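See below for the structure under consideration.
Residue numbers (our numbering): 1 to 416.
Next up, the structure:
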């Protein structure tokens with residue numbers, strides 16, 4: 001029962017050596033490491049190496065002074081395995097462990113400590129103890145072979161952790177966790193985890209306002225997830241795909257729209273602010289985004305009236321504002337007139353725009369939140385933005401804009 005060679009093999013050594021020798025000759029590793037007790041170390045050169053049919057290119061040993069001390073075995077493995085992986089340059093999908101030999105404690109330690117760097121396991125058990133596996137003959141004695149990929153089962157735990165990170169708006173972390181699983185699961189499951197990693201990356205890019213690259217990544221994820229959903233996939237996958245399909249047309253408008261100031265940007269900033277406040281509890285960052293949303297709303301309305309946000313034409317300003325705005329808003333850097341949030345809404349009010357009037361109607365309440373913002377750490381002061389002042393600013397923004405927050409994009413929730 002031979003198979004193609006593996007890249008790397010870590011075997012526990014002790015007791016009956018025949019299963020260990022069988023495993024090495026069957027798997028024909030390019031790199032081989034023995035996990036062995038100090039008392040059995042001499043057996044490697046005397047009894048194992050002479051019987052290896054295809055010598056590996058690289059050899060190593062990890063020696064435990066006490067094969068019955070689980071903590072000692074784990075401590076040594078955790079210390080030595082990272083260096084081993086680095087020297088060998090192997091991926092988890094290329095790493096196999098065999099725990100047919102050694103004490104039960106050594107086998108347990110190997111399974112515990114190598115699970116993060118190895119995907120495949122290999123075990124030869126006596127027929128008397130076995131209830132499955134494949135029959136093999138080792139040294140004239142009947143044995144049962146068990147082998148497989150631990151990560152085909154462990155992936156459910158890893159997927160849950162990645163989904164939890166995604167739902168907490170830690171999209172980059174979720175992508176890294178999904179890629180970790182992708183590297184470890186068997187071939188048939190890899191496309192699902194690649195697509196989930198791309199999905200997480202795509203939403204991370206979107207969340208950071210890199211709309212075009214996010215859209216490209218999410219398009220790639222959609223294809224992979226749709227294919228995975230056809231074959232079932234984990235519970236909740238179809239809901240994630242459905243929400244992604246709802247989001248993509250909105251994001252496409254941010255990427256492909258012809259207007260310099262796209263109306264969708266206001267809604268996206270609202271949604272971004274809500275994620276910062278409700279999910280991450282980052283009130284300061286939420287406030288920055290919310291004020292920018294309020295400013296974008298005014299800039300978009302002014303753009304509809306022919307005013308460019310970064311170069312206001314003084315000749316088009318109402319006479320009542322011209323002198324004040326030229327003096328107050330002319331940039332010392334390029335000589336252009338550039339308005340701030342209050343200037344935008346002041347101009348809209350003088351132009352008779354309903355949005356300017358709505359802002360003015362809420363001014364007495366609004367200035368309380370704006371003063372709190374001025375005193376905040378990301379404003380110009382040293383006091384964190386109070387959550388109640390942020391909430392007041394949120395409510396006022398919705399009143400001024402006449403918008404429901406549900407009109408903005410809602411990122412998926414992963415229920416797996």
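All residues carry an ideal CB built from backbone N, CA and C; glycine is no exception.
Here the structure is a predicted model, which means the values were calculated and not measured.
* Go ahead and label residue 235 buried or exposed: buried means 16 or more other beta carbons lie within 10 angstroms of its beta carbon, across all protein chains shown. => As a position in the chain shown, residue 235 is number 235, starting the count at 1. Exposed, because fewer than 16 other Cβ atoms sit within 10 Å of the Cβ of residue 235.
* Assuming residue 300 and residue 261 make a contact with CB atoms under 8 Å, what is their CB distance in whole Å? -> The residue labelled residue 300 in the question sits at position 300 within the chain shown. The residue labelled residue 261 in the question sits at position 261 within the chain shown. Yes, residue 300 and residue 261 are in contact; Cβ-Cβ is about 5 Å, under 8 Å.
* **Nearest to residue 144 (by Cα), restricted to the options 291, 156, 126** => Start at 1 with the first residue of the chain shown, and residue 144 comes out as number 144. Minimum Cα distance to residue 144 is reached at 126.
* Asked: What are the partner residues of residue 98, as DSSP defines its beta bridges?
  -> On the chain shown, position 98 is the one that residue 98 refers to. Answer by DSSP bridge pairing, in chain order: 11, 122.
* Using 10 angstroms around the beta-carbon of residue 346, count the other beta-carbons present and answer buried if the total reaches 16, otherwise exposed. => Counting from 1 along the chain shown, the entry for residue 346 is found at position 346. It counts as buried.
* How is residue 136 classed by DSSP in three states: helix, strand or coil? -> Position 136 of the chain shown holds residue 136. In the structure shown, residue 136 sits in a strand (DSSP, three-state: E or B).
* Cα-Cα separation, residue 287 to residue 373 -> Position 287 of the chain shown, counting from 1, holds the residue named residue 287. Position 373 of the chain shown, counting from 1, holds the residue named residue 373. Using only the alpha carbons, I get a separation of about 8 Å.
* To do: Using 10 angstroms around the beta-carbon of residue 380, count the other beta-carbons present and answer buried if the total reaches 16, otherwise exposed.
  => Your numbering for residue 380 matches position 380 in the chain shown. Residue 380 should be labelled exposed.
* Beta carbon of residue 254 nearer than 8 Å to that of residue 264 -> For the purposes of this step, residue 254 is taken as residue 254 along the chain shown, with counting starting at 1. For the purposes of this step, residue 264 is taken as residue 264 along the chain shown, with counting starting at 1. Cβ atoms of residue 254 and residue 264: closer than 8 Å.
* **Assigned secondary structure, residue 49 (DSSP; H/G/I helix, E/B strand, else coil)** => For this step, residue 49 is matched to residue 49 along the chain shown. Helix at residue 49.
* To do: Measure the CB-CB distance between residue 177 and residue 97 and report whether it falls below 8 Å.
  => By 1-based counting over the chain shown, the position of residue 177 is 177. By 1-based counting over the chain shown, the position of residue 97 is 97. No, these two residues do not count as a Cβ contact at 8 Å.
* Asked: Bridge partners of residue 146, per DSSP?
  -> Position 146 of the chain shown, counting from 1, holds the residue named residue 146. DSSP output for residue 146 lists 123 as bridge partner(s).
* To do: Just list the beta strand (DSSP E) runs in the region 291 to 365, keeping only unbroken ones of 3 residues or longer that don't cross its boundaries, in chain order.
  => none
* Can you name, in chain order, every residue of its own chain whose Cβ lies under 6 Å from the Cβ of residue 24, other than the five neighbours on each side? -> By 1-based counting over the chain shown, the position of residue 24 is 24. If we look at residue 24 and ignore the five residues flanking it on each side, its Cβ neighbours are 52.
* **Beta-bridge pairing of residue 60 - partner residues as DSSP gives them** => Start at 1 with the first residue of the chain shown, and residue 60 comes out as number 60. 33.
* **Neighbourhood of residue 290 by C-beta, 8 Å cutoff - its chain only, sequence neighbours within 5 removed** => Residue 290 sits at position 290 when you count from the first residue of the chain shown. So the list reads 269, 270, 273, 390, 393, 394, 397, once near-sequence residues are dropped.
* **Outcome for residue 91 when other beta-carbon atoms lying within 10 angstroms are tallied against a minimum of 16** => Working through the chain shown from its first residue, we reach residue 91 at position 91. Per the 10 Å Cβ criterion, exposed.
* Asked: With C-beta atoms as the reference, is residue 220 less than 8 Å away from residue 189?
  -> Working through the chain shown from its first residue, we reach residue 220 at position 220. Working through the chain shown from its first residue, we reach residue 189 at position 189. When the beta-carbon positions are compared, residue 220 and residue 189 stay at least 8 Å from each other.
* **Cβ-based neighbour list, residue 401, same chain, cut-off 6 Å, excluding 5 preceding and 5 following** => Reading the chain shown from its first residue, position 401 is the one you call residue 401. Excluding positions up to five away in sequence, the list reads 297.
* To do: Name the two residues that bound the continuous alpha helix (DSSP H) containing residue 22.
  => On the chain shown, residue 22 is found 22 positions in, with the first residue counted as 1. Residues 18 to 27.
* Asked: Which residues in the same chain have their Cβ closer than 6 Å to the Cβ of residue 215, if we skip the five residues on either side of it in sequence?
  -> Along the chain shown, one-based indexing puts residue 215 at 215. Taken in chain order, the residues that qualify are 251, 255.
* How long is the line joining the alpha carbons of residue 41 and residue 76, rounded to whole angstroms? -> Residue 41 sits at position 41 when you count from the first residue of the chain shown. Residue 76 sits at position 76 when you count from the first residue of the chain shown. Near 15 Å, if we compare the C-alpha coordinates of residue 76 and residue 41.
* To do: Please say whether residue 78 and residue 48 have beta carbons closer to each other than 8 Å?
  => As a working note, residue 48 is residue 48 in the chain shown. As a working note, residue 78 is residue 78 in the chain shown. No.
* With distances taken between CB atoms, is the gap from residue 37 to residue 20 smaller than 8 Å? -> Taking the chain shown and counting its residues from 1, one reaches residue 37 at position 37. Taking the chain shown and counting its residues from 1, one reaches residue 20 at position 20. It is not a contact, given that the beta carbons lie outside the stated cut-off.
* Where residue 441 falls, given that 16 or more other Cβ within 10 Å makes a residue buried -> A question about residue 441 goes unanswered here, because the residues of the chain that appear run from 1 up to 416.
* Buried or exposed: which applies to residue 94, given that a residue is buried once 16 or more other Cβ atoms fall within 10 Å of its Cβ? -> As a working note, residue 94 is residue 94 in the chain shown. Counting Cβ neighbours within 10 Å, residue 94 comes out buried, since at least 16 surround it.
* To do: Using beta-carbon positions only, say whether residue 102 and residue 50 come within less than 8 Å of one another.
  => Indexing the chain shown from 1 puts residue 102 at position 102. Indexing the chain shown from 1 puts residue 50 at position 50. No, the Cβ-Cβ distance between residue 102 and residue 50 is not below 8 Å.
* To do: Measure the Cβ-Cβ separation of residue 166 and residue 200 and say whether it is below 8 Å.
  => As a working note, residue 166 is residue 166 in the chain shown. As a working note, residue 200 is residue 200 in the chain shown. Yes, Cβ-Cβ distance for residue 166 and residue 200 is below 8 Å.
* Local Cβ density within 10 Å of residue 377, reported as buried at 16 or more and exposed below that -> Taking the first residue of the chain shown as 1, we reach residue 377 at position 377. Per the 10 Å Cβ criterion, exposed.
* **Whether residue 35 touches residue 124 by CB criterion (8 Å)** => Position 35 of the chain shown, counted from the first residue, corresponds to residue 35. Position 124 of the chain shown, counted from the first residue, corresponds to residue 124. Not a contact, by the Cβ cut-off of 8 Å.
* residue 91 (DSSP reduced to helix, strand or coil) -> Stepping through the chain shown from its first residue, residue 91 is reached at position 91. Residue 91 falls in the coil class under three-state DSSP.
* Could you name the residues that DSSP lists as bridge partners for residue 141? => Position 141 of the chain shown, counting from 1, holds the residue named residue 141. Residue pairing of residue 141 in beta bridges, as defined by DSSP: 138.
* Asked: What do you reckon, are the CB atoms on residue 343 and residue 329 nearer than 8 Å?
  -> Locating residue 343 in the chain shown gives position 343, counting from the first residue. Locating residue 329 in the chain shown gives position 329, counting from the first residue. Yes; because the gap between Cβ atoms is below 8 Å, this pair is in contact.
* **For residue 233, the three-state DSSP class (helix, strand or coil)** => Numbered from 1 along the chain shown, position 233 holds the residue referred to as residue 233. Here residue 233 sits in coil by DSSP.
* For residue 414, which three-state DSSP category applies? -> Indexing the chain shown from 1 puts residue 414 at position 414. Reduced to three states, the DSSP call for residue 414 is coil.
* **Residues near residue 163 by beta carbon distance below 6 Å, same chain, minus five either side** => For the purposes of this step, residue 163 is taken as the residue at position 163 of the chain shown. Within the same chain, residue 163 has close Cβ partners 414, 416.
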